[in-house]
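Visitor:
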DNA sequence: GTATGTTTCAAACAGTTGTTTGGAATTGAT
DNA sequence: ATCAATTCCAAACAACTGTTTGAAACATAC
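Protein chains in written order, with the working numbering: chain A, 7 to 215; chain B, 7 to 215.
1. Do you know how far the Cα of residue 153/B is from the Cα of residue 56/B?
2. Which residues in the same chain as residue 61/A place their Cβ atom closer than 7 Å to its Cβ, once the five residues preceding and following it in sequence are excluded?
3. Within 8 Å, do at least three Cβ pairs link the region 148-168 of chain B to the region 143-153 of chain A?
4. Rounded to whole angstroms, what is the Cα-Cα separation between residue 198/A and residue 12/A?
5. Give the residues of chain B in contact with residue 173/A, contact being defined as C-beta atoms less than 9 Å apart.
6. Shorter than 7 Å from the beta carbon of residue 31/B to some beta carbon of chain A?
7. From what residue to what residue does the alpha helix (DSSP H) around residue 31/A run?
8. Put residue 197/A into one of helix, strand or coil per three-state DSSP.
9. Is it buried or exposed, residue 190/A, if we count other Cβ atoms within 10 angstroms and call 16 or more buried?
10. Given this structure, state the Cα-to-Cα distance separating residue 85/B from residue 170/B, to the nearest angstrom.
11. Is it buried or exposed, residue 80/A, if we count other Cβ atoms within 10 angstroms and call 16 or more buried?
12. So is residue 2/A in contact with chain B if we call contact Cβ pairs under 7 Å?
13. Using the rule of at least 16 other Cβ atoms within 10 Å of the residue's Cβ for burial, across every protein chain shown, is residue 22/A buried or exposed?
14. Determine the DSSP secondary structure at residue 41/B, reduced to helix, strand or coil.
15. Kindly indicate the opening and closing residues of the alpha helix (DSSP H) around residue 148/A.
16. How many Å lie between residue 36/B and residue 206/A at the Cα?
17. Could you tell me whether any Cβ in chain B is nearer than 7 Å to the Cβ of residue 215/A?
18. Assuming contact is defined by CB atoms lying nearer than 7 Å, are residue 273/B and residue 93/B in contact in what I supplied?
19. Does DSSP put residue 92/B in a helix, in a strand, or in coil?
20. Starting from residue 162/A, find everything on chain B with Cβ-Cβ shorter than 8 Å and list it in chain order.
21. Quick check on residue 54/B: buried or exposed, where buried means 16 or more other Cβ atoms within 10 Å of its Cβ?
22. For residue 213/A, I'd like the list of residues in its chain whose CB is within less than 6 Å of its CB, leaving aside the five on either flank, ordered along the chain.
23. Looking at chain A, is there any beta carbon in it that lies within less than 7 Å of the beta carbon of residue 151/B?
24. Would you mind reading off the limits of the alpha helix (DSSP H) that contains residue 74/B?
25. Residue 123/B versus chain A: which residues are under 7 Å apart at the beta carbon?
26. Using beta-carbon positions only, say whether residue 46/A and residue 33/A come within less than 7 Å of one another.
27. Could you say which of 106/B, 98/B and 69/B lies nearest to residue 140/B if we only look at CA atoms?
28. Determine, for residue 208/A, whether the minimum Cβ-Cβ distance to residues of chain B falls below 7 Å.
29. So what's residue 99/A in DSSP terms, helix, strand or just coil?
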């Protein structure tokens, strides 16, 4: 049992890293199993198929994330509308994100990049899987925004939430590469946490616009 | 010569559409040549390799886009700092984008999705190709922002520009799917042009924050 | 220790991929 | 009409893909 767990999680570790780096189609099972130091057939034995492995990678991330996010939302849902400032709402999203990074190195960047790739899969099966299984927290988030900013129409909120998601996925997912450029150009290095901090006023201002 | 051009451009048409839909690795040359109704070998004959075909698809888009954008930037570069409001700068980016759509259906969405995919290619060769060949317009854009908003530090501008890019690529690239959701949820349909118009106040507020 | 169920492993499977090849068809110039 | 160059095309290539198989190794319970 303990040997099995180590095989499964070694596969998941290697897979999530490689998927984030290269994408799903560009990562072969042989590359994954080689890096994980397990036999090729063990992916199909433990996960059934490559597609299921991809979903398992997402599940491990999203379970951690949505659990923490859900807690944050619960406390917010007991506040008065006036207390629901955009900054506070953004922090409810950012706190669970930051705590991902404390578990594994680079987890934020990997997670965001995976989300971006899931979103780009226009064939749709993965995006549908994610939204079906974890979309309800996004709905709760939308409701909170509606409550805090009743002057905004519901589709204004819908779109602004997606503008926000785009900023986060794009910059945090690519933050490694962007930070390299930034460092080369301005000789200044920001950690992911700093990039997030820089992002809050930008997003909050846009939300309130 | 005219037959050749029609083959080359038929390949480009089919390729850019399929690449945007499914991604580069997920699109085979056989799928492309079948849709383009040309022989399989003609891709390698006319473009050399699949990799070069991808670059050719980007070149066709980016030449059109950067030419128009460059014109917009030239007129802006002759203005006084006080006149360089964020909204005006954003329009310099949006106008060339909208004019893409007048040439081919769905061009904005396709273009943005391609940019997103190029950006996600972390192996890097495509992103480097794009930034090397067309990055100078982005630099000019940065300079304009610096001029209009001298109180912002240079890396604040750098990052905010990327927040903005993320919003645009994410929402416009996925606008088809998102608009479907939006329509299903609120029974209201926005065109791409409307989504862009909605985006301007959001982004402008963030830039000025 | 034997029997039972679980996990690993090397090997092979059928299918798809990008690319190459050599000859046929087409084109344009003289 | 003749020649040369360009373009097209069917066929084949080797390399790689995800998955399956059947036996070996291992663990667990009696």
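Glycine included, C-beta positions come from ideal geometry on N, C-alpha and C.
Guide: To lay it out plainly:
1. Position 50 of the second chain, counted from the start, is the residue given in the question as residue 56/B. Position 147 of the second chain, counted from the start, is the residue given in the question as residue 153/B. In a straight line, the C-alpha of residue 56/B is about 42 Å away from that of residue 153/B.
2. Reading the first chain from its first residue, position 55 is the one you call residue 61/A. These residues qualify, in order along the chain: 135.
3. no
4. Numbered from its first residue, the first chain carries residue 198/A at position 192. Numbered from its first residue, the first chain carries residue 12/A at position 6. Going by the C-alpha atoms only, they are around 29 Å apart.
5. The residue labelled residue 173/A in the question sits at position 167 within the first chain. Neighbours of residue 173/A on chain B, chain order: 168, 169, 170, 171, 172, 173, 176 and 212.
6. Numbered from 1 along the second chain, position 25 holds the residue referred to as residue 31/B. True, the Cβ-Cβ gap to chain A drops below 7 Å.
7. Looking up residue 31/A in the first chain gives position 25. In the DSSP assignment, residue 31/A falls outside any alpha helix (DSSP H), carrying neither H nor E.
8. One-based indexing of the first chain puts residue 197/A at position 191. Residue 197/A: coil per DSSP, three-state reduction.
9. If you number the first chain from 1, residue 190/A lands on position 184. Result: exposed.
10. Sequence index remark: in the second chain, residue 85/B carries index 79 (1-based). Sequence index remark: in the second chain, residue 170/B carries index 164 (1-based). Computed Cα separation, rounded: 23 Å.
11. As a first step, residue 80/A must be located in the first chain, where it is residue number 74. With fewer than 16 other Cβ atoms within 10 Å, it is exposed.
12. Here chain A has residues from 7 to 215 only, and residue 2/A is not among them.
13. For this step, residue 22/A is matched to residue 16 along the first chain. Buried, because 16 or more other Cβ atoms sit within 10 Å of the Cβ of residue 22/A.
14. For the purposes of this step, residue 41/B is taken as residue 35 along the second chain, with counting starting at 1. Residue state, collapsed to three classes: helix.
15. For this step, residue 148/A is matched to residue 142 along the first chain. Where residue 148/A is concerned, the enclosing alpha helix (DSSP H) stretches over 131-154.
16. The count along the second chain starts at 1 and reaches residue 36/B at position 30. The count along the first chain starts at 1 and reaches residue 206/A at position 200. Straight-line Cα distance between these residues: approximately 46 Å.
17. Locating residue 215/A in the first chain gives position 209, where the first residue counts as 1. Yes, residue 215/A lies at the interface with chain B (some Cβ there is under 7 Å from its Cβ).
18. There is simply no residue 273/B to check, as chain B begins at 7 and stops at 215 in what is shown.
19. Walking along the second chain from the start, residue 92/B turns up at place 86. If DSSP states are grouped into helix, strand and coil, residue 92/B belongs with the helices.
20. Here residue 162/A refers to the residue found at position 156 of the first chain. Per Cβ cutoff of 8 Å: 204.
21. Sequence index remark: in the second chain, residue 54/B carries index 48 (1-based). By the neighbour-count rule (16 or more Cβ atoms within 10 Å), residue 54/B is not buried but exposed.
22. Taking the first residue of the first chain as 1, we reach residue 213/A at position 207. The beta carbon of residue 213/A lies closer than 6 Å to those of 92 and 166 in the same chain, with the five residues before and after it left out.
23. What you label residue 151/B is simply residue 145 of the second chain in a count that begins at 1. With 7 Å as the cut-off, residue 151/B does not count as an interface residue toward chain A.
24. Translated into the one-based positions of the second chain, residue 74/B becomes position 68. That run of the alpha helix (DSSP H) goes 56-82.
25. Numbered from its first residue, the second chain carries residue 123/B at position 117. By Cβ distance, chain A contributes 126.
26. Along the first chain, read from residue 1 onward, the residue named residue 46/A stands at position 40. Along the first chain, read from residue 1 onward, the residue named residue 33/A stands at position 27. Taking 7 Å as the Cβ cut-off, residue 46/A and residue 33/A do not qualify as a contacting pair.
27. Counting from one through the second chain, the residue named residue 140/B turns up at place 134. Checked all of 106/B, 98/B and 69/B; the closest Cα to residue 140/B is 69/B.
28. Looking up residue 208/A in the first chain gives position 202. Yes, residue 208/A counts as interfacial toward chain B.
29. Here residue 99/A refers to the residue found at position 93 when the first chain is read from its first residue. Three-state result, residue 99/A: helix.
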